[in-house]
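Everything below concerns the one structure shown next.
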Amino acid sequence: MSDYALEVHDLRVDYGDFVAVDGLSLKIPRGKVVGLVGPNGAGKTSTFKVLATLMEPTYGEVSMCGLDVLEETAKVRKLLGYMPDLAPVPSDLKLGEFLEFHADTHALGNKAQRRARVDECLARVNLTAKRNAWCRKLSRGQTQRLVLAKTLLHEPQVMILDEPASGLDPLSRRELRLTLQSLAREGVTVLVSSHILSELAEMCSSIIVMNQGKLLASGTAEEVRSELGSDRREMTMKVLGTTGELFSWLTAREGVSELVQEEGAVKFDFVGDDEAQVQLLADCVRAGFAVKTLEEKRASFEEILVEVAEGNETPLEE
Amino acid sequence: MRAAADRKQKPVWALWANPIFRRYCKSRLRPKGLGVMLMMTLIVTGFAFALARAIALHELDPIDAARIPVIPILVIQGIILFFLGTGQVAGGMTAEGDEGVIDYQRLAPMSPLAKTFGYLFGLPIREYVLFLSTLPFTIWSFWEGQIPLFVAGQLYGGVLSSVILYHLTGLVAGTVLKNRRWAFLVSMGAIFFLYTVVPQIAKFGLVYFKYLTLYPIFEESLPYLVPQDAGAVVETAQRLLPPARFFNLNLPQAVFTLLSQGVFSLAAVVMVWRRWKLSESHLLGKVWSVALFAWIQILLLGNALPLIAGGDLFPSRNLGGMFNRFVDPIWEPEAMEAVLMAGVYGVVTLTLLLILLVVITPEYDTQVRGWRRVHKLGQKRLPFFGDSSSSFWWAGVMILLGTIGWFVFTKNIIESHWFFGEVKVFSAVAFALSLVTAGFGWQAILEWKGRRAGTLVFILLGVVPILIGVVMAVSNEALRVPAIWIGSISPLAGPVLAAINEVSIADFPRDVERAAPPAFWFWQCLLLFGAVRLIAASRQQKKALREVSVQ
């Protein structure tokens, strides 16, 4: 039996001339919560659809718990729980009926057993009180929770959740995080996508960043941060006296850009590693500037993602 | 709870245990929605029953009077099951896709066949219940009217077979169309077309099409559904009507109807099954499409050829119904109608060819993906039977089969004892040319530019010239020649003109006879040139795709 819950090798998905996923390869161990993040059009949903057996890729190998996703679809579907983006629910069913129907499709025992399992899942997402409410009357967050309950029903070994936190209030997000982490402790592998990297950083043991169909970085949150955004930091240097000379001196320094002169301080972007930063400060003091403080602000996850997304945009002149 | 791998699904035939069926039993049989519909159905059926019986009781004995309500109730049942039920299946299926929940069902670990059955019988469950609510009236009428049990069996067996076929068609429409209102209207429109236009086409030599409706079984059962005296007359008249003929076989209408509908139902099941397996796949594979085309040709010929000698195939005999047989015992078919039948056969064959080409021709996206996959796997060609491969050769096979079918049909009619004409092999070449220009041209457009461009070309080049030609010809006799020239631009007119030109037994107006051959050959040569250019462009694109796939 494979040690990995998911193995993807050289996956490619095309929509005509548009390449949605390009040569993606990854391995996800069992019992982990892994986040997939990237801007719109990064290829997250296409990747998820292939993993969830809903789409045939152009080519590539995909296996789930050792089963070939493209060949052993029926077996894979028994192991899989998939929650799509903007999770839909039927308008003509009540919550309990919706879940009982899906319990039925997965042949979860007799009627009493199915009902018990439905109650268990409803309780897990705090929707027990809404059992007899119409699915169409639920708020966005409640709908997300209901579909999460549906995904949990048949106790899948691998869960693929596309933007599960969208529309959830902070409390529900926290509950979602706790639920996913407890599932991981039970041995379930969770692959979850989001636009919000900080959100994933909280709930995932590792993160995969995609952009334009390609894998950009993967690892723990810190590893991803340093891999994608380690070079750039915003600096504010406060000095005694006038800042004019410091401004001129910094302009000539390597790795310094976006300078702004303020009262008693110069703000600038610095690209370089920690050693380069220490060297800059030392040179500054050596040059005779009376440095009072040097503040450093590193790019947040969101800023990194925005930078990645902005890199996708083609200049209008082209 | 049992482990996922141990959970066993119920067998496909156990409909009562089918989760999708049960889901719709729950949602579509809620007392609030069902109650109103049930009340309305009972009121309308009860009214029709009571009124028909009350009128009949004035003039007929109780047994005959009891038979009178059967047909009005059958009409109501037809509206419920054929129209509303089919619309509901198509609309409901589209709604599943529209709401996005269809992916949940796609992921459900049930077999594609179980899912198909679940939707097929689950979506129209309310209509089945409404139908059942009308049955007591039918049972009473059958019982009191002393209608034999076998009539009920064959009539309602036919109803069930037709319902399954129409609902499957609705299911296919629902998986293809994106808008639920359109799906509802298109599927009901198709049923309306089937019961109004198709029977008329059947009278032009394509007898097979009437077996897609309930008419043949209804006609066979008619002697028992009307008062006994009238029934005896109908029965006598029916003895003059041929049974369902299939080459040398004589079959009861009911049996042949079930057989004919069964093939189409099977094709529809395959379509839905393929879509359940993979949402992007073609509705039918290439082999299935060609087999279906061949089978329809065989059915058309098998039904038509045995009816030529007795004259039962000809429109002038059929349009007058049974009446002609009594009124005009020395009836003979006219040469003109024989030519027209050859033309209609050709147009239907061409239409079928164009429809199946839409099904099996890969769009640009599919071709790109296919080439990239092939390149990645180090292969040189697209898989011949796969969705991504060209439909060119398959179009060729269907054109060949269609030409053979047309030639056999036309030769048997024209060289029959009615006309003693002659159909030369060259005639088949002319007809084949009309299929080649239209078929290959259509295939190339679809492969090169896709369905949207294809539809535009179909309307502008296929439909508009015919419409203009018809208006011109009708408005002024002097415009008949230019009308023929303009109408001939349409590839759809090709088979009719081929029949007019090549089957020289009929006396058409002189100007038509003179204008038709040059118009046919001129436009067919141009269309052939166009088709060759399109094929070349399509091949060029294929080369480009092969290169793109390397990137």
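Those protein sequences? They're chains A and B, same order as listed.
For the first sequence, the residue numbers in the working numbering are 1 to 318.
For the second sequence, the residue numbers in the working numbering are 319 to 869.
Backbone N, C-alpha and C define an ideal beta-carbon position, used for all residues, glycine too.
Output the distance between the C-alpha atoms of B:Q685 and B:A562, rounded to the nearest integer angstrom. 44 Å
From the beta carbon of A:A5, is the nearest beta carbon of chain B less than 8 Å away? no
Give a yes or no on contact between the segment 364-384 of chain B and the segment 542-552 of chain B, applying the rule of three or more CB pairs nearer than 8 Å. yes
By DSSP, does B:V494 sit in helix, in strand, or in coil? helix
Range of the contiguous beta strand (DSSP E) that encloses A:T189: T189 to S194
What is the C-beta distance between B:L810 and B:I777, in whole angstroms, given that I count them as a contact (C-beta under 8 Å)? No, B:L810 and B:I777 are not in contact; Cβ-Cβ is about 11 Å, not under 8 Å.
Give me whichever residues DSSP pairs with A:W134 in a beta bridge. A:K94
Among A:L54, A:T73, A:R140 and A:V147, whose alpha-carbon lies nearest the alpha-carbon of A:G96? A:V147
Near B:A854, what residues of its chain come up, given a Cβ to Cβ distance below 8 Å and the 5 sequence neighbours on each side ignored? none
Which residues in chain B have a C-beta closer than 7 Å to the C-beta of A:S91? List them in chain order. E417
Measure the alpha-carbon distance for B:R320 versus A:R115 and round it to whole angstroms. Only weak support exists for where B:R320 lies, its pLDDT of 48 falling under 50; the coordinates are left without a value.
Residue span of the alpha helix (DSSP H) that contains A:E155, given as start and end: Segment: none, A:E155 is in no alpha helix (DSSP H) and carries neither H nor E.
For B:L863, which of helix, strand or coil comes out of DSSP? helix
Proximal chain B residues relative to A:D14, where beta-carbon distance stays under 8 Å: D683, V686, R687 and R690
Considering only residues of the segment 330-381 of chain B, which uninterrupted alpha helix (DSSP H) runs meet the minimum length of 4 residues and lie entirely inside it, listed in chain order? 337-346 and 349-377
Beta-carbon contacts of B:R444 that lie in its chain and below 7 Å, excluding the five residues immediately before and after: R346, L347, L352 and M355
Hey, B:L764 and B:T679: beta-carbon distance below 8 Å or not? yes
Is the distance from the Cβ of A:T323 to the Cβ of A:A52 below 8 Å? Absent from the structure is residue 323 of chain A, since the part of chain A shown begins at 1 and ends at 318.
Quick one: list the residues of chain A neighbouring B:R424, beta-carbon separation under 7 Å, in chain order. L54
Beta carbon proximity, B:P701 to chain A, threshold 8 Å: no
CB-CB under 8 Å to A:V69, same chain, minus the five flanking residues each way: which ones, in chain order? V50, L51, T53, V62, S63 and V76
Using a Cβ-Cβ distance under 8 Å, would A:A74 count as near chain B? yes
Option in B:F744, B:Y533 and B:K344 with minimal Cα separation from B:Y474: B:Y533
Do you know whose CA, among A:V125, A:K292, A:A287 and A:L36, lies nearest A:V266's CA? A:K292
Which residue wins for smallest C-alpha separation from A:R298, given the options A:T236, A:A112, A:K214 and A:K27? A:T236
Simplified DSSP state of A:I207, which is helix, strand or coil: strand
Select from the segment 328-348 of chain B all residues with a C-beta closer than 7 Å to any C-beta belonging to chain A, and list them in chain order. P337, R340, R341, K344 and S345
Using a Cβ-Cβ distance under 8 Å, would A:H106 count as near chain B? yes
If you follow the beta strand (DSSP E) that B:S429 is in, where does it begin and where does it stop? First-last for B:S429: undefined, no H or E at that position.
Compare the C-beta of A:F48 with all C-beta atoms of chain B and state if any pair is closer than 8 Å. no
Counting along the chain, where does the beta strand (DSSP E) carrying B:H693 start and finish? Not the beta strand (DSSP E): B:H693 falls in the alpha helix (DSSP H), residues Y682 to K694.
A:S182 beta carbon less than 8 Å from that of A:G141: no
Same chain only: Cβ atoms within 7 Å of B:D829, ignoring 5 sequence neighbours per side: R798 and V799
When the distance is taken between beta carbons, is B:V590 closer than 8 Å to B:T773? no
List the residues of chain B whose Cβ lies closer than 9 Å to the Cβ of A:F268, in chain order. None at all; the shortest Cβ gap to chain B is about 41 Å.
Tell me which same chain residues have a C-beta within less than 6 Å of the C-beta of B:A849, skipping the five on either side of it? T755, F758 and G759
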